[in-house]
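Residue numbering for the sequence shown follows the numbering used here, beginning at 193 and increasing consecutively.
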Amino acid sequence: MKNTFADELSRTNRASINLQEFAGGIPQVSARFPEIRIGPWWITTRQILLTLIPLGILGAGVAVFGARFLRTLPEVQQFITAYPGTGSFAPPVTDGFPLWLRICHWLNLFLMLFMIRSGIQILADHPRLYLNPGCTPGSEWFRLLGPVPLDREYHAKEDTVALPGWLGLPGIRHSIGIARWWHFVFDTLWLANGIVVYVLLFTTGQWRRIVPVSWDVIPHTLSTAIQYLSLDFPPPSGWLQYNGLQLLAYFTTVFIASPLALITGVMQSPAVAAQLHLATGFLNRQVARSLHFLVLGYFILFLVGHVVMVFATDALNNLNHMTLGSDARSWTGFLVFAVMMGFTAVAWMAATPLTLKYPRKIQHIGRWVIGWLLDGLEKLRPVANYQEKDISPYFWVNGTPPNSEEYKKHLQEGFR
Numbered sequence: 193m194k195n196t197f198a199d200e201l202s203r204t205n206r207a208s209i210n211l212q213e214f215a216g217g218i219p220q221v222s223a224r225f226p227e228i229r230i231g232p233w234w235i236t237t238r239q240i241l242l243t244l245i246p247l248g249i250l251g252a253g254v255a256v257f258g259a260r261f262l263r264t265l266p267e268v269q270q271f272i273t274a275y276p277g278t279g280s281f282a283p284p285v286t287d288g289f290p291l292w293l294r295i296c297h298w299l300n301l302f303l304m305l306f307m308i309r310s311g312i313q314i315l316a317d318h319p320r321l322y323l324n325p326g327c328t329p330g331s332e333w334f335r336l337l338g339p340v341p342l343d344r345e346y347h348a349k350e351d352t353v354a355l356p357g358w359l360g361l362p363g364i365r366h367s368i369g370i371a372r373w374w375h376f377v378f379d380t381l382w383l384a385n386g387i388v389v390y391v392l393l394f395t396t397g398q399w400r401r402i403v404p405v406s407w408d409v410i411p412h413t414l415s416t417a418i419q420y421l422s423l424d425f426p427p428p429s430g431w432l433q434y435n436g437l438q439l440l441a442y443f444t445t446v447f448i449a450s451p452l453a454l455i456t457g458v459m460q461s462p463a464v465a466a467q468l469h470l471a472t473g474f475l476n477r478q479v480a481r482s483l484h485f486l487v488l489g490y491f492i493l494f495l496v497g498h499v500v501m502v503f504a505t506d507a508l509n510n511l512n513h514m515t516l517g518s519d520a521r522s523w524t525g526f527l528v529f530a531v532m533m534g535f536t537a538v539a540w541m542a543a544t545p546l547t548l549k550y551p552r553k554i555q556h557i558g559r560w561v562i563g564w565l566l567d568g569l570e571k572l573r574p575v576a577n578y579q580e581k582d583i584s585p586y587f588w589v590n591g592t593p594p595n596s597e598e599y600k601k602h603l604q605e606g607f608r
C-alpha cells in the first residue's frame, strides 16, 4: 500500500507542531493588554481596571451602606416582608436535582471552558473587533495589538498574536485552524448538551426553577438584591425554589445568552451570512463577531459570580445539591466537587501540550464530529452583494509576499 504524505509526516516524527517551522517560523509576538476605543481615544483595559477597581470598591461600600440603611426604613421592611425573594412567580420543585441535570450541569461547565479558550485563540488570529464589514484599519473598537502600520506592506499573518499556553488553545500565533477544530467540536457537544437540557427541563417540570410565571418576580428580585447588598442574605431555598435574582440570572443565561452565542457564532460563517443576506448591513458578520465576544464576556462574569455566590451562601449545601442531588449538609458533595474540578484542571493543562504533539488527531476528531456540517455549508454556494460603502479601501495582504529581486522590480514598476 502506498504511503500517504500524512504517513510520511508521522514516520519522520513531523506530525507534531514544530514552533521553529510552524507558520513560516514567525516569532511568537504576545498579545497586548486589551484596548477599547472610546471616541478618538484608545484606553487599555488595564487603565480601565485601575480606575474601576477603586471606584468599584468605593461603590460597593456605598451600596452596602445604602442597602443597610434602607433596611432600617419601615416601608422597606414591609416591602421585604411582602416580597421576601421567593413566591408564586416560580412554583416549588419537589423532586430536587435529578441525575441528568447534575451531569449536564458539569458537562456545561467543562465544555464552556474549552469553548472559551479556543474562542480566544480564534480571536487572536485577527485580534481586532469591528462594527463594519470592511474591517478598515482604524475602525476597530477593540484590539489586542497595536495600530496597523500604513507606511508599509502589512500581511495578515503579522496581525496575529500569541497567547499564554494555559489560556489560548494552543496559544501559538496563527493557529486558527487547529483552534477552530477545538471550538467547533466543543460547540457541537455543548449544543447537544443544551438540547438535552431544554428537552428534559420542559418534560420533567424542572423548568419551573428558572422560568417565571408571573411579574411578581420583579419586586422579589429587587427585594433579593437589597438583601444581598446589605450582607444579610435571604434564607437559602435553592432545593425547592430559586429566589428572584437567581431565577432571572439563570433565565438570562439559559434562554437569552446561550441562544445568542449560538446565533452570533453561526452568523460568522461566510456561507451562512451570505445565504441570509447578512454579509453587509446592520447585522453584518463583524457585528456578529463583536456580539459573540460580548456574550463571551457575559459568560465569564456569570461563571465567576455563580461560583462566588455558591461558596458565599452555603457552600456545603449548594455543592451537595449539584453533585449528589441531596439536601443534606455534609462534606461529601465538596469532595465530589473537588475531584471533578481536579479532572477539569488536568484536562485544561494537558490540552495545549497534546494539541502541539498530536495536531492530526485533533483534526481527525474534528472532521469526524463536525465535518459533515462543514461539507454541507460548502454546498450552499451563496452569493453576497457588496455596495461601494461596504468595501474597504485597505487591502489586507493574505500571506507573506516574495522577497526576490525580481518581485521587488515588478513592485517598483507597478507590475506593468
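C-beta: ideal position from N, C-alpha, C; glycine also.
Check whether the Cβ atoms of Thr413 and Gly397 sit closer than 8 Å, and answer yes or no.
-> It is not a contact, given that the beta carbons lie outside the stated cut-off.
For Phe289, the three-state DSSP class (helix, strand or coil) | Three-state DSSP puts Phe289 in coil, outside helix and strand.
Pick out whichever of Ser518, Thr273, Lys600, Asn300 has its Cα sitting closest to the Cα of Thr286.
-> It is Ser518.
Between the stretch 324 to 336 and the stretch 417 to 425, do at least 3 Cβ pairs fall closer than 8 Å?
-> Counting Cβ pairs under 8 Å, fewer than three are found: no touch.
Using 8 Å as the limit for Cβ to Cβ distance, is Gly258 near chain C?
-> Within the model displayed, chain C is absent; a lone protein chain is all it includes.
Just list the alpha helix (DSSP H) runs in the stretch 508 to 559, keeping only unbroken ones of 4 residues or longer that don't cross its boundaries, in chain order.
-> Listed in chain order, they are 524 to 549.
Over what stretch of residues does the beta strand (DSSP E) that includes Glu580 continue unbroken?
-> Where Glu580 is concerned, there is no enclosing beta strand (DSSP E), given that its DSSP letter is neither H nor E.
In chain order, which alpha helix (DSSP H) runs of at least 4 residues are fully inside the stretch 258 to 282?
-> Entirely contained in the stretch 258 to 282, the alpha helix (DSSP H) runs reaching 4 residues are, in chain order, 266 to 274.
DSSP-derived helix/strand/coil call for Arg400 | For Arg400, the three-state secondary structure derived from DSSP is helix.
C-beta atoms of Thr547 and Pro362 nearer than 8 Å | Cβ distance < 8 Å, so Thr547 and Pro362 count as in contact.
In whole angstroms, what separates the C-alpha of Leu565 from that of Ile314?
-> A direct Cα-Cα distance of roughly 19 Å separates Leu565 from Ile314.
So which of Leu359, Ile240, Asn595, Gly489 has the shortest CA-CA distance to Ser222?
-> Comparing Cα-Cα distances from Ser222 to each of Leu359, Ile240, Asn595, Gly489, the minimum goes to Leu359.
Quick one: Cα of Ala354 to Cα of Leu244, how far?
-> Those two C-alpha atoms are separated by around 27 Å.
Buried/exposed call for Glu227, threshold 16 Cβ in 10 Å = Glu227 comes out buried.
What are the residues that DSSP puts in a beta bridge with Ile235?
-> For Ile235, which the question treats as bridged, DSSP gives the partners Ile228.
Start and end residues, alpha helix (DSSP H) containing Lys601 | 597 to 604 is the span of the alpha helix (DSSP H), which, as asked, contains Lys601.
State the DSSP-derived secondary structure class of Arg608, mapped to helix, strand or coil.
-> In the structure shown, Arg608 falls within a coil segment according to DSSP collapsed to helix, strand and coil.
Based on the DSSP output, what are the partners of Phe334 in its beta bridges?
-> According to DSSP, Phe334 bridges with Ile228, Leu321.
Measuring CB to CB, does Val487 end up less than 8 Å from Ala449?
-> In contact: Val487 and Ala449 (Cβ atoms closer than 8 Å).
From Gln555, Met514, Arg552, Trp588, residue whose alpha carbon lies closest to that of Trp292 = When only C-alpha atoms are compared, the closest one is Met514.
Ala453 - containing alpha helix (DSSP H), residue span | For Ala453, the uninterrupted alpha helix (DSSP H) segment begins and ends at 450 to 458.
Through-space distance from Ala252 to Leu242, alpha-carbon basis = The C-alpha of Ala252 is placed about 16 Å away from the C-alpha of Leu242.
By the 10 Å Cβ neighbour count, where 16 or more other Cβ atoms means buried, how is Phe289 classified, buried or exposed?
-> Burial check for Phe289: the Cβ neighbour count within 10 Å reaches 16 or more, so the residue is buried.
Based on Cα-Cα distance, which residue from Val268, His318, Gln438 lies nearest to Leu495?
-> Among Val268, His318, Gln438, the Cα nearest to that of Leu495 is on Gln438.
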